[in-house]
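Here the structure comes first, spelled out in structure tokens, and everything after it is commentary.
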Amino acid sequence: MVDLSGGPEGPIEHGFSNSVFIVPAIVVIGLTGADGGFEAPSIEKILQALEGMQGLSLEDKEALKTQLLQQKMRESYGDELEQTWGEIPADSLLANQTFVLFSLLCIIALVFVFFGLKLYRSLVEKERKREEKKKLKMQKKKK
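Numbering (the numbering used here), first residue to last: 2 to 144.
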């Protein structure tokens with residue numbers, strides 16, 4: 002862990018993992034090589050070197066592996082991925098907009114149905130109470 006505090010009375014209190022320095026160091030060493038030639042290390046070599054590191058936590062190793070594998074996929078399928086994922090087809094956008102519109106209309110319809118049902122139940126209950134009052138009045142008049 003690198004500590005960037007400015008001393009005991011320093012205003013900056015910050016620390017970060019050494020993996021920030023390890024990965025670029027592997028790349029630089031791989032680029033320079035033993036013969037002084039600039040040869041980029043393959044992703045497999047970087048993954049092997051990453052496995053041998055003991056200073057990294059498992060989470061950092063996994064994050065670096067996923068980044069390297071994604072880069073490898075981009076290099077392998079570069080143009081194909083850009084064509085596949087780069088553009089959203091127009092009919093797909095229209096389908097998404099239609100789905101959102103349909104969903105909103107359904108929600109509005111459900112709200113109207115809910116309030117309509119409440120209104121219907123309320124009116125039926127009021128009518129039932131009126132009928133009961135009329136029956137009670139009729140029974141009182143008969144007595």
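Quick reminder that beta carbons are idealized off the backbone N, C-alpha and C, glycines included.
Predicted model only: the values in this text are computed from it and were never measured.
Legend entry - Three-state secondary structure (DSSP) of Gln55: Residue numbering aside, residue 55 sits at position 54 when the sequence shown is read from its first letter. In this structure, Gln55 counts as coil in the three-state DSSP scheme.
Legend entry - Phe113 CB to nearest heavy atom of the ligand SAH below 7 Å: Looking at this structure, you won't find the ligand SAH or any other ligand, since it has none at all.
Inset, instruction - Select from Glu45, Leu105, Leu106, Met139 the residue whose C-alpha is nearest the C-alpha of Leu69. - result: Translated into the one-based positions of the sequence shown, residue 69 becomes position 68. Minimum Cα distance to Leu69 is reached at Glu45.
Legend entry - Same chain, Cβ closer than 7 Å to Ile27, neighbours up to 5 away in sequence not counted: What you label residue 27 is simply residue 26 of the sequence shown in a count that begins at 1. Ile47, Ala50.
Legend entry - Contacts around Glu126, its chain only, beta-carbon distance under 7 Å, and the 5 residues preceding and following it disregarded: Taking the sequence shown and counting its residues from 1, the one referred to as residue 126 is at position 125. Result list for Glu126: empty, nothing under 7 Å.
Inset, instruction - Would you decide whether Leu111 is buried or exposed? Buried here means 16 or more other CB atoms lie within 10 Å of its CB. - result: Along the sequence shown, read from residue 1 onward, the residue named residue 111 stands at position 110. Counting Cβ neighbours within 10 Å, Leu111 comes out exposed, since fewer than 16 surround it.
Inset, instruction - Please report how far the alpha carbon of Lys119 lies from the alpha carbon of Lys130, in whole angstroms. - result: Along the sequence shown, read from residue 1 onward, the residue named residue 119 stands at position 118. Along the sequence shown, read from residue 1 onward, the residue named residue 130 stands at position 129. One C-alpha to the other measures close to 17 Å.
Inset, instruction - Helix, strand or coil for Lys46, going by three-state DSSP, please let me know. - result: Mapped onto the sequence shown, residue 46 falls at position 45. Three-state result, Lys46: helix.
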